[in-house]
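Visitor: Before we start, here is the structure in question, set down as structure tokens.
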Amino acid sequence: MSDVILRNRVFQLAKYDTLEATRVAERMSDPWYQCQAVAAIAAYSSSPEVEKALNRSFEIGLKCRDPFKRVASQAWPLSAAIKAGKSGKALTRLFSVLGGVDAIKDVGSRAEALLLLQHAIMPIGRKAYTPIVSALLTNCKSVAHWRQTRAMLDGVLLVYSISRDDGNRLIKALDCDYVADKIRRAIADGALPRRRVFFP
1 MSDVILRNRV FQLAKYDTLE ATRVAERMSD PWYQCQAVAA IAAYSSSPEV
51 EKALNRSFEI GLKCRDPFKR VASQAWPLSA AIKAGKSGKA LTRLFSVLGG
101 VDAIKDVGSR AEALLLLQHA IMPIGRKAYT PIVSALLTNC KSVAHWRQTR
151 AMLDGVLLVY SISRDDGNRL IKALDCDYVA DKIRRAIADG ALPRRRVFFP
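Here's what the structure looks like:
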């Protein structure tokens with residue numbers, strides 16, 4: 001049975017059978033999917049299992065060989081920590097995770113990883129999304145890939161959806177007029193993105 005199927009199974013089991021969900025997760029071999037599965041267990045578990053599952057999920061994600069997956073995988077335990085009422089832990093981990101972003105050499109992949117992290121931590125608010133958006137805009141000063149454009153568009157619009165003042169400041173700070181114009185058009189059309197749901 002593939003790790004994708006096992007992960008999806010854990011997502012369902014985690015809601016009502018922590019023990020069985022944990023058993024299924026332990027059968028997985030790919031840290032990318034196993035990290036997501038264990039994060040789901042943390043998201044739905046009761047104390048003290050939450051802390052244990054969160055720490056394990058963070059650690060498993062860091063075992064990914066690919067730098068993109070190593071960073072992006074952390075979005076699931078970050079989201080789980082917030083869902084479990086542990087926003088302080090999520091914020092502390094976030095600053096640690098951001099230290100690995102520069103290891104992602106492909107600028108498009110780096111932008112995707114940052115956007116995924118942003119989706120995860122938006123519920124915490126300004127103190128969490130500010131360093132991510134700052135890193136995202138720095139990464140996208142020279143737009144060389146369509147994924148950078150998409151990440152900037154969605155990243156700024158996510159902020160705008162909860163703080164128009166912060167969103168407008170970000171638009172003014174953009175070095176790319178093309179992306180700024182796309183963002184303004186999206187706002188005018190009411191096309192604001194929805195935050196990703198990590199645990200359906």
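Going by our numbering, the first residue of the sequence shown is number 1, and it counts up by one from there.
Virtual Cβ for every residue (Gly too), placed ideally from N, Cα, C.
Leaving out the 5 sequence neighbours to the left and right, which residues in its chain are closer than 8 angstroms to A153 when beta-carbon positions are compared?
Guide: Rather than Ala, the amino acid found at residue 153 in this sequence is Leu. Hits under 8 angstroms: V179, K182, I183 and A186.
Visitor: Return the Cβ separation of L137 and L174 in integer angstroms, given the expectation that the two are a contact with Cβ distance under 8 angstroms.
Guide: Between L174 and L137 the Cβ distance is about 7 angstroms, and since that is below 8 angstroms, they are a contact.
Visitor: Out of R110, L116 and A42, which has the shortest C-alpha to C-alpha gap to A84?
Guide: When R110, L116 and A42 are compared, the shortest CA-CA separation from A84 is found for A42.
Visitor: What residues in its chain sit with their C-beta under 8 angstroms from that of L117, if we drop five residues either side in the sequence?
Guide: V71, A72, Q74, A75, L78, L94, V97, L98 and I132
Visitor: Using 10 angstroms around the beta-carbon of V197, count the other beta-carbons present and answer buried if the total reaches 16, otherwise exposed.
Guide: exposed
Visitor: Please tell me whether Y33 and V4 are closer than 8 angstroms, where the distance is taken between their beta carbons.
Guide: yes
Visitor: If distances are taken between C-alpha atoms only, which option among C176, D177 and Y160 comes closest to R169?
Guide: Of all alpha-carbon atoms in C176, D177 and Y160, the one lying nearest the alpha-carbon of R169 is that of Y160.
Visitor: May I ask you to report which of helix, strand or coil DSSP gives L192?
Guide: coil
Visitor: Taking DSSP as the reference, what is the three-state secondary structure of L117?
Guide: helix
Visitor: Distance, Cα to Cα, S109 vs L19?
Guide: 35 angstroms
Visitor: Of all the options I104, H145, A90 and G100, which has the alpha carbon lying nearest to the alpha carbon of R119?
Guide: According to the sequence provided, residue 119 is His. The question's Arg does not apply to it. With distances taken between Cα atoms, H119 lies closest to A90.
Visitor: My output table needs one value for D3: the three-state DSSP class, helix, strand or coil.
Guide: Here D3 sits in helix by DSSP.
Visitor: Look at the alpha carbon of L54 and the alpha carbon of A80, and state the distance between them as a whole number of angstroms.
Guide: 7 angstroms
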